[in-house]
Amino acid sequence: MARFDIIGKRKIWYAISSLLIIASLFFMVTRGFNMGIDFTGGTIMDLRFEKAVNINDVRAVLNEYNLSNSTIQLSGESSSSTESENVMIRTVDLEEQERKEVMAGLTDKLGAYQVLREEKVGATMGTELIMNAIYATIISWLLIIAYVSYRFEFKFGISAVLGLVHNVIIVLGAFALTQRQIDSSFVAALLTIIGYSINDTIVIFDRIRENLKLHFRKNGDIVELVNTSIYQTMTRSIYTVSTVLFATFALYFFGGDTTKDFAFALLIGFFCGAYTSIFIASPLWVTFRRYSDKKRLAKRMADTGK
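Residues in the sequence shown are numbered consecutively from 0, following numbering that gives the first Met the number 0.
Listed below in structure tokens is the structure:
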């Protein structure tokens, strides 16, 4: 049965990814990011209600004041996963009047309470920590290039990391477009996406390396070789990404409000990771390989001419 020529159509995938990257960069520049209180600081209200309150009821009150992204923590000996007398709310920085309105709304809807603590706090993830995270990501990419180059070859390493950069940019663009909140959980989601994507890519690269041994003996076409390698791992890739997406969809639709942005980042990242491994990283390796072969052939012809 004839197979779709994935590698032969690589210019189409390059064009699609280029459009996605350009759109992502455009949204990042024009819309910016909705930074969470982990990055911007905010207001903490630690309250003890006379009667146990449900976390969903607390969030419903906060939603009335456009504070849906607030963090709510239940504590105390009598607390459960959904109800407690002790409630700590961490929200965006509120002015005095705004804070009074929110606290009055909580009293009206949920009953009387005692204020245990009320203060403004700074960002838990400052500029220095953000830069350290960026440096760590870049260093990890360099180490991936070094390790993959050692186990495979340099062109494999460059292709894999370019695929990771592609995924990160698209996830950032999606968050800029939707204005979903970026907080510490988003950083965790990005690291998870990077780990998942590189794993899927390495599986395909490992099969390409195995098939290269036969390729040189049979003098086969490199495009056909990579197409064959992709289809040999296609079933495994589909099963893996489907299993992961089932769990992530469940987390997104049935998880709490505080996990939706985290799950959304994973959904976008996992889709991109599966797409990149097949349609970007592998074709990039073929492009680099052909460019290298052309340079080697031109050098050989130049040496022969001398």
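All C-beta atoms, glycine included, are put in the ideal place defined by N, C-alpha and C.
- Task: Let me know the beta strand (DSSP E) ranges lying completely inside the stretch 85-122, each 3 residues or longer, listed in chain order.
- Result: 112-120
- Query: Could you give the C-beta distance for Phe261 and Phe174, rounded to a whole number, given that I count them as a contact under 8 Å?
  - Reply: As a position in the sequence shown, residue 261 is number 262, starting the count at 1. As a position in the sequence shown, residue 174 is number 175, starting the count at 1. Phe261 to Phe174, Cβ: 11 Å. No contact.
- Would you report the Cα separation of Ser196 and Met34, rounded to the nearest angstrom? Along the sequence shown, read from residue 1 onward, the residue named residue 196 stands at position 197. Along the sequence shown, read from residue 1 onward, the residue named residue 34 stands at position 35. The alpha-carbon atoms of Ser196 and Met34 are separated by roughly 25 Å.
- Beta carbon of Gln113, beta carbon of Arg47: below 7 Å? The residue given as residue 113 occupies position 114 in the sequence shown. The residue given as residue 47 occupies position 48 in the sequence shown. In this structure, Arg47 lies closer than 7 Å to Gln113 by Cβ.
- Nearest-angstrom Cα distance between Ile137 and Glu84? Taking the first residue of the sequence shown as position 1, residue 137 is located at position 138. Taking the first residue of the sequence shown as position 1, residue 84 is located at position 85. Those two C-alpha atoms are separated by around 45 Å.
- Message: Restricting to Cα atoms, I'd like to know which of Thr247, Ala59, Phe38, Val28 is closest to Asp182.
- Response: By 1-based counting over the sequence shown, the position of residue 182 is 183. For the residues Thr247, Ala59, Phe38, Val28, the minimum Cα distance to Asp182 belongs to Phe38.
- For Leu266 and Leu244, the rounded distance between their alpha carbons: As a first step, residue 244 must be located in the sequence shown, where it is residue number 245. As a first step, residue 266 must be located in the sequence shown, where it is residue number 267. Computed Cα separation, rounded: 7 Å.
- Query: CB Ile192 to CB Asn166, shorter than 7 Å?
  - Reply: Position 193 of the sequence shown, counted from the start, is the residue given in the question as residue 192. Position 167 of the sequence shown, counted from the start, is the residue given in the question as residue 166. Contact flag set, yes.
- Determine the DSSP secondary structure at Ser241, reduced to helix, strand or coil. Walking along the sequence shown from the start, residue 241 turns up at place 242. In this structure, Ser241 counts as helix in the three-state DSSP scheme.
- Excluding the five sequence neighbours on either side, which residues of its own chain have a C-beta within less than 8 Å of the C-beta of Phe269, listed in chain order? Your numbering for residue 269 matches position 270 in the sequence shown. Taken in chain order, the residues that qualify are Ile192, Tyr195, Val240, Val243, Leu244, Thr247.
- Item | Segment limits, alpha helix (DSSP H) that includes Arg9 | The residue labelled residue 9 in the question sits at position 10 within the sequence shown. From DSSP, the alpha helix (DSSP H) with Arg9 extends over 9-29.
- Limits of the beta strand (DSSP E) - the one that Ser74 falls within: Locating residue 74 in the sequence shown gives position 75, counting from the first residue. Counting along the chain, the beta strand (DSSP E) containing Ser74 begins and ends at 70-74.
- Message: Buried or exposed for Tyr290, going by 16 or more other Cβ atoms inside 10 Å?
- Response: Here residue 290 refers to the residue found at position 291 when the sequence shown is read from its first residue. Tyr290 is exposed by the Cβ-count criterion.
- Span separating the alpha-carbon of Gly104 from that of Val120: Looking up residue 104 in the sequence shown gives position 105. Looking up residue 120 in the sequence shown gives position 121. Roughly 22 Å between the two C-alpha positions.
- Message: I'd like the list of long-range same chain contacts for Gly254, defined as Cβ closer than 8 Å, with 5 residues on each side in sequence excluded.
- Response: Looking up residue 254 in the sequence shown gives position 255. So the qualifying residues of the chain are Ala262.
- Among residues of its own chain, excluding the 5 on either side of Val57, which ones have a beta-carbon nearer than 8 Å to its beta-carbon? If you number the sequence shown from 1, residue 57 lands on position 58. Excluding residues within five positions, the ones whose Cβ falls inside 8 Å are Ile71, Val86, Ile88, Leu105, Leu109.
- Query: Lys50: which of Glu82, Ile21, Leu61 sits nearest, CA to CA?
  - Reply: Working through the sequence shown from its first residue, we reach residue 50 at position 51. The residue with the shortest Cα to Cα distance from Lys50 is Glu82.
- Item | Cutoff 6 Å; reference Glu117; Cβ partners in own chain excluding five residues on either side | For this step, residue 117 is matched to residue 118 along the sequence shown. Excluding positions up to five away in sequence, the list reads Met44.
- Consult DSSP for Gln231 and reduce its assignment to one of helix, strand or coil. Here residue 231 is taken as the residue at index 232 of the sequence shown, counted from 1. Helix.
- Message: I'd like the list of long-range same chain contacts for Ile5, defined as Cβ closer than 7 Å, with 5 residues on each side in sequence excluded.
- Response: The count along the sequence shown starts at 1 and reaches residue 5 at position 6. The residues are Asn226, Ile229, Ile277, Phe278.
- Task: Classify Asp199 as buried or exposed, calling it buried when 16 or more other Cβ atoms lie within 10 Å of its own Cβ.
- Result: Numbered from 1 along the sequence shown, position 200 holds the residue referred to as residue 199. Looking at its Cβ environment, which holds 16 or more other Cβ atoms inside 10 Å, Asp199 is buried.
- Could you have a look at Asp182 and say whether DSSP puts it in helix, strand or coil? Stepping through the sequence shown from its first residue, residue 182 is reached at position 183. Asp182 falls in the coil class under three-state DSSP.
- Task: Report the rounded CA-to-CA distance for Lys294 versus Ile169, giving the unit in angstroms.
- Result: For the purposes of this step, residue 294 is taken as the residue at position 295 of the sequence shown. For the purposes of this step, residue 169 is taken as the residue at position 170 of the sequence shown. Approximately 33 Å between the Cα atoms of the pair.
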